[in-house]
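In what follows, a structure is listed as structure tokens, so that the remarks can point back to it.
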Amino acid sequence: MKNKNNAIVPNEQENNIMSLEQLTAKYNIERVDFDDPGSIITYGNKPKDDISNILISTSKMNIKEAEKKLDDTMVTKIHSFDRELDERDKKAAKKDLPIVAGAKNFLTKLGVKKFENEKKANTYQARYQEYCDNIEEVCKIVDEQMQSSIANINLRRNIVLEINPYIEQLEAYITVGEMDYDNYINEINNLKQQEQTEDVQYEIQYRSQLAEVFNDKLDKMRKVLSAYKQQKQVYRMQQNNETIIVLQQISYIQDQKPILIAQGSGMIFNRMQEALAKDLKVLNDATNQAYQNNAQDLVQNTQTIVDLAVNGGLTSESLQVLQNAIKQGDQILVDGRKRLQDRIESDKKVLKNITEELEKYNDSLEHLDGIIQGINGDKSAVKKLGKRNGLNRFQN
67 MKNKNNAIVP
77 NEQENNIMSL
87 EQLTAKYNIE
97 RVDFDDPGSI
107 ITYGNKPKDD
117 ISNILISTSK
127 MNIKEAEKKL
137 DDTMVTKIHS
147 FDRELDERDK
157 KAAKKDLPIV
167 AGAKNFLTKL
177 GVKKFENEKK
187 ANTYQARYQE
197 YCDNIEEVCK
207 IVDEQMQSSI
217 ANINLRRNIV
227 LEINPYIEQL
237 EAYITVGEMD
247 YDNYINEINN
257 LKQQEQTEDV
267 QYEIQYRSQL
277 AEVFNDKLDK
287 MRKVLSAYKQ
297 QKQVYRMQQN
307 NETIIVLQQI
317 SYIQDQKPIL
327 IAQGSGMIFN
337 RMQEALAKDL
347 KVLNDATNQA
357 YQNNAQDLVQ
367 NTQTIVDLAV
377 NGGLTSESLQ
387 VLQNAIKQGD
397 QILVDGRKRL
407 QDRIESDKKV
417 LKNITEELEK
427 YNDSLEHLDG
437 IIQGINGDKS
447 AVKKLGKRNG
457 LNRFQN
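If you number the sequence shown the way my numbering does, the last residue is 462 and the count never jumps.
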């Protein structure tokens, strides 16, 4: 219970009850003077002004230039490293046209940086180095953010430490003011017990008005005290949240970074193993195919050799075919000679008939010619004609 002489100390760490004078002296409180209305107006303003100055000055410190942020590309590169490796494998498997490949190799040998870099950038080592560099850049940004978070933690801690004494002082002001208000109300009540002259009534009315004004002042002080305590709690919650963020940032840098680097290496190792396994599978398939091809060749060769052994050299069938051909050819020759002889005999008869007809025709022409010449007076022609006709008859 409070009374006009004793009050509960606002410091939570102390449990003893201090007197009004001790409380006033400890917190350097300027007591209210009800005879001076200005004292009511300024009562408790000093700790409020000190707290306000701290909050305003530190609020500017809370607003800083935004530190570097993680962009989507950097984050995507972390979880899409396997796809990056797939693209690398596709590019490696893609074959350039011979003329293009030849030109690139030629320019690479000449030392053209573009083609040298292109060739190097398509290696697992280059992809992994790019992946690690991205993680390093991410960790660098996280570290910068962590330093900013630590600064925010320290700032809020210092704000709380700095405003605490003034909050205690303001609370003491309220406690002392409440005690002075109670004492002042007691004085008004004592006046009410006196003879109610006009002056006494005016005095009661005046003092009651001052008490109401001061009570309103105390009410506002209690509200602002509550607001300051809430703001202090906000700073503590922000400090706690920022501490959790810092712990996560430290965990990422110290714990997750090595794991991500190891996982990136593991992804590449898995692909190298996959490539080796594929090569071995292809080699194994080729070996088995070679065995199967050799077996098939062996069967085919054996079959060919057996066929050669069975059917090799001149066969009786071939000899029989040749014999049939000879026999058929001989018959053709016999038939041909007979046909030739028949044709010759036939030709002789035809030629004999033709010759006889020609002789007859020729004799007729010569006889007619002789007659014509005889008619014309050529006697020798007639004799010749008769002589020829006699010869011709003898020949026939």
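The beta-carbon is built from N, C-alpha and C at its ideal position, and this holds for glycine as well.
If you draw a straight line from the alpha carbon of residue i to that of residue j, how long is it in whole angstroms?
i      : j      : result
ASN218 : ALA343 : 54 Å
ILE371 : ASN350 : 31 Å
THR381 : VAL400 : 29 Å
ASP209 : ASN306 : 19 Å
ASN317 : SER331 : It is Ser, not Asn, that sits at residue 317 in the sequence shown. Straight-line Cα distance between these residues: approximately 20 Å.
THR421 : ALA391 : 43 Å
SER125 : TYR190 : 50 Å
GLN195 : MET140 : 14 Å
ILE120 : ASP102 : 30 Å
ARG337 : SER123 : 58 Å
ASP265 : TYR250 : 18 Å
SER430 : LYS393 : 55 Å
ARG149 : ARG302 : 44 Å
GLN439 : LEU424 : 22 Å
GLU87  : ILE240 : 14 Å
GLN397 : LYS418 : 32 Å
ILE327 : VAL204 : 12 Å
LYS286 : ILE216 : 35 Å
GLN267 : ASN252 : 15 Å
LEU291 : THR142 : 48 Å
TYR109 : TYR93  : 14 Å
ASN458 : LEU388 : For ASN458, the pLDDT reaches just 48, beneath the cut-off of 50, and the residue's location in the model is therefore unreliable, leaving the point undetermined.
LYS156 : GLN362 : 37 Å
LYS404 : GLN386 : 27 Å
ALA293 : SER85  : 27 Å
With a threshold of 16 other CB atoms inside 10 Å of the CB of residue i, please say whether the residue is buried or exposed.
i      : result
LYS68  : Only weak support exists for where LYS68 lies, its pLDDT of 43 falling under 50; the coordinates are left without a value.
LEU313 : exposed
ASN428 : exposed
PHE100 : buried
GLY395 : exposed
VAL242 : buried
THR357 : The question names Thr, but residue 357 is Tyr in the sequence shown. Exposed, because fewer than 16 other Cβ atoms sit within 10 Å of the Cβ of TYR357.
LEU346 : exposed
GLY436 : buried
ILE310 : exposed
Measuring alpha carbon to alpha carbon, tell me which residue in the options is nearest residue i.
i      : options                        : result
ALA91  : ALA238, GLN407, ARG223         : ALA238
MET127 : LEU221, ASP99, GLN339          : LEU221
CYS198 : PHE280, ASN428, ILE325         : ILE325
TYR247 : ILE216, LYS347, PHE280, GLN259 : PHE280
GLU340 : ASN119, LEU151, HIS433         : LEU151
ASP137 : THR108, ARG97, ILE201, ASN119  : ILE201
LYS289 : GLN386, LEU236, GLU203         : LEU236
ALA192 : ILE334, THR368, ILE437         : ILE334
LEU284 : ILE106, TYR93, ARG403, ASN359  : ILE106
ILE225 : LYS134, SER292, PHE147, SER118 : SER118
GLN320 : LYS156, THR142, MET212         : MET212
ARG223 : LYS323, ASP155, GLU308         : GLU308
LYS134 : SER214, LYS258, ASP408         : SER214
Spell out whether any CB of chain D is found under 7 Å from the CB atom of residue i.
i      : result
ILE437 : The structure shown contains no chain D; it is built from a single protein chain.
Stretch pair the region 107-114 + the region 229-237: three plus CB contacts closer than 8 Å: yes
Any beta strand (DSSP E) of 3 or more consecutive residues that is wholly inside the region 190-245: none
Any alpha helix (DSSP H) of 4 or more consecutive residues that is wholly inside the region 373-457: 382-441
Three or more C-beta pairs below 8 Å linking the region 261-280 and the region 296-303: no
Minimum length 3: unbroken beta strand (DSSP E) runs contained in the region 313-354: none
Whole runs of the alpha helix (DSSP H) within the region 104-157, excluding any shorter than 4 residues: 111-128, 138-145
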